[in-house]
Each structure stands twice: as structure tokens, then as C-alpha cells.
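See below for the structure under consideration.
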Amino acid sequence: MFNLTLGVFFALVNFGLFLLCYRLFGRMGLYAWIGMATVLANIQVVKTIEMFGLVMTLGNTIYASIYLVSDLLNEKYGEKAAKKAVWFGFFTLIATTIIMQLVLVFEPQETDISQQSLETLFGLMPRLALGSLCAYLLSQFVDVKIYSWLKKKCPGRNQLWIRNNGSTLFSQLLDSVTFCTIAFLGVYPMEVWWQILLTTYLIKFVVSAASTPVLYIARSMKVPED
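Using my numbering, the letters of the sequence shown correspond one by one to residues 217 to 442.
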């Protein structure tokens, strides 16, 4: 029950910070959020928790917000702006992975207290990054394409929820299967792996569905122009 309550609060904090970032910085804030979210998701995902008797990883809430950003960019600024955000997040994750792997190579001084912790956090990052990059590029471009198609088929302002949830329903399934296969298959027992895959997809989709009101709020906000 504690993890569930904290998880709801955690999602609300993420949504609140997202809206604040967009309100303060406009479209540039959305690109900044993409970069931050891709990095934080790959750090959080190394921690497993239990909820409803199932094993799940953290990182799904912040990662689901990436779909919120791409849908908002597509809605207000067009498909080109959404694709630019995808490449921005891709570069951010690659750069972070390269830099942090070099950091781990440095020989620590004998009084150093952080090397082991850094290795725990970033030692798995090459594999996590590979899984995340493949899943991210594949699912995000699919999400952008589906959203653009739905935007033509369901263009009404009151049909935003159809565009948002319709595009994420399939793209997040694609993302979850790709990421969990590359990042975790063989790392955990199969029973645990299936639980992680199931909970990863369900949490991402539930968070995305819950973010629909946030998308409506963000669309109507007055934000700084570029």
C-alpha cells in the first residue's frame, strides 16, 4: 500500500513539474524535459520494487511523460517539432552513456567513497542504454506517426484524448517489449522478467492515460514564445 500511495504522489509530482517546466520555458522546456526524462528513466530503472505482489522497475512514470511531450509537441507545433524532440532525447542518452562510462574508468583515490555506487548505477547503463535507445527510437517514431494520422482522422479539439491514448496504446507496447528483451532478458529469471514486462507496459499506459487531463491543461496554457 505504501508503494502504491507513493506511486500516485510520485506521478502527480512528475505532472506538476512538467507543467511548470512548460509554463516557464515554453517549447524549449519540452525539449529540456525530454533530455532529463531519458536520463532519469535509465537511472531509475535499476531499482526494482513490489506492487500488487508483482515485481516492477522504477522509471516508467518519468519515461511515460516522454510520450506526453511528443504528443504535445505534435499537437501544438507539428510533426517536425515532435521528431526533433525524439532525436534530442536520443543524443542526450548517448552522450550521457559515453561520458559516464569514461567516468567509471578513472582510477579512484583510496579515500573515494563513490566509485562502487557509480558502478552500481551506471555499470549496467550500456545494456540499458542499448535497450532504451532501440525501444525509444522505434516507439517514439511510431507514436509520432500514429498521432499525426489520428490528428487527421480525429482533428477535433475535444478528440485530443483519442489522439493521445490511441497513439500510445501500441507504441508503448512496442517500447516495453523491445526494452525489456534487450535490457533484462537473461538478467532476471523468466518469471520475474514476465512480471517486469507486464508491469512496465501497464504502468506506462496507465500513466499516459492519466496524463490526458495534463495534456489538455498544457495545450491551453500561455507559454513563452521561442
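C-beta atoms are modelled at their ideal positions from N, C-alpha and C, and glycine is treated no differently.
Chain-order list of residues whose beta-carbon lies under 7 Å from that of residue i (same chain, five-residue window excluded)
i: I362; result: G382, S383, F386, S387
i: T312; result: V255
i: L346; result: I398
i: I378; result: L366, C370
i: Y432; result: L376
i: E295; result: V360, S364
i: G443; result: Within the shown structure, residues of the chain are numbered from 217 to 442, placing residue 443 beyond reach of any answer.
Where residue i falls: helix, strand or coil (DSSP)
i: L401; result: strand
i: I265; result: strand
i: T336; result: helix
i: T273; result: strand
i: E441; result: coil
i: G294; result: coil
i: P371; result: coil
i: L356; result: For the record, residue 356 in the displayed sequence is Gln; it is not Leu. Helix, per DSSP.
i: S427; result: coil
i: M217; result: coil
i: T327; result: coil
i: F307; result: helix
i: V322; result: Note that residue 322 corresponds to Phe in the displayed sequence, not to Val. Here F322 sits in coil by DSSP.
Cβ-Cβ separation, residue j to residue i (assumed contact under 8 Å), whole Å
i: L390; j: L354; result: 6 Å
i: N230; j: M267; result: Contact flag wrong, Cβ pair sits at about 17 Å.
i: V360; j: V285; result: Actually they are not in contact, since the Cβ atoms of V360 and V285 sit about 11 Å apart, beyond 8 Å.
i: L288; j: S348; result: About 21 Å separates the two Cβ atoms, so there is no contact after all.
i: A426; j: A257; result: Between A257 and A426 the Cβ distance is about 17 Å, and since that is not below 8 Å, they are no contact.
i: I278; j: Q260; result: 7 Å
i: A280; j: N290; result: At roughly 16 Å, the Cβ-Cβ gap does not stay under 8 Å, so A280 and N290 are not in contact.
i: Y293; j: V439; result: Going by Cβ atoms, the distance from Y293 to V439 rounds to 11 Å, so no, they are not a contact pair.
Neighbour-count burial assignment, residue i, 16 or more Cβ in a 10 Å radius
i: W365; result: exposed
i: M217; result: exposed
i: F225; result: exposed
i: G305; result: buried
i: V430; result: buried
i: K420; result: buried
i: L413; result: buried
i: L207; result: Since the first residue of the chain shown is 217 and the last is 442, residue 207 is not available in this structure.
i: F322; result: exposed
i: L236; result: exposed
i: L423; result: One point to set straight first is that residue 423 is Val, not Leu, in the sequence displayed. V423 comes out buried.
i: L318; result: exposed
i: R243; result: buried
Same chain only: Cβ atoms within 6 Å of residue i, ignoring 5 sequence neighbours per side
i: K263; result: L274
i: Q411; result: L270, V271
Sequence-distant residues of its chain with Cβ nearer than 8 Å to residue i (five each side left out)
i: T394; result: G347, C350, A351, L354, S355
i: T416; result: M272, T273, N276, S392, F395, C396
i: M437; result: L235, Y238, R239
beta-carbon residue i near the ligand MN non-hydrogen atom, thresh 7 Å
i: D359; result: This structure does not include the ligand MN; it has no bound ligands of any sort.
Looking at C-beta atoms only, is the number of pairs between the stretch 336 to 345 and the stretch 245 to 252 that lie closer than 8 Å three or more? no
Tell me, please, whether the stretch 369 to 383 touches the stretch 322 to 329 by the rule of three or more beta-carbon pairs shorter than 8 Å. no
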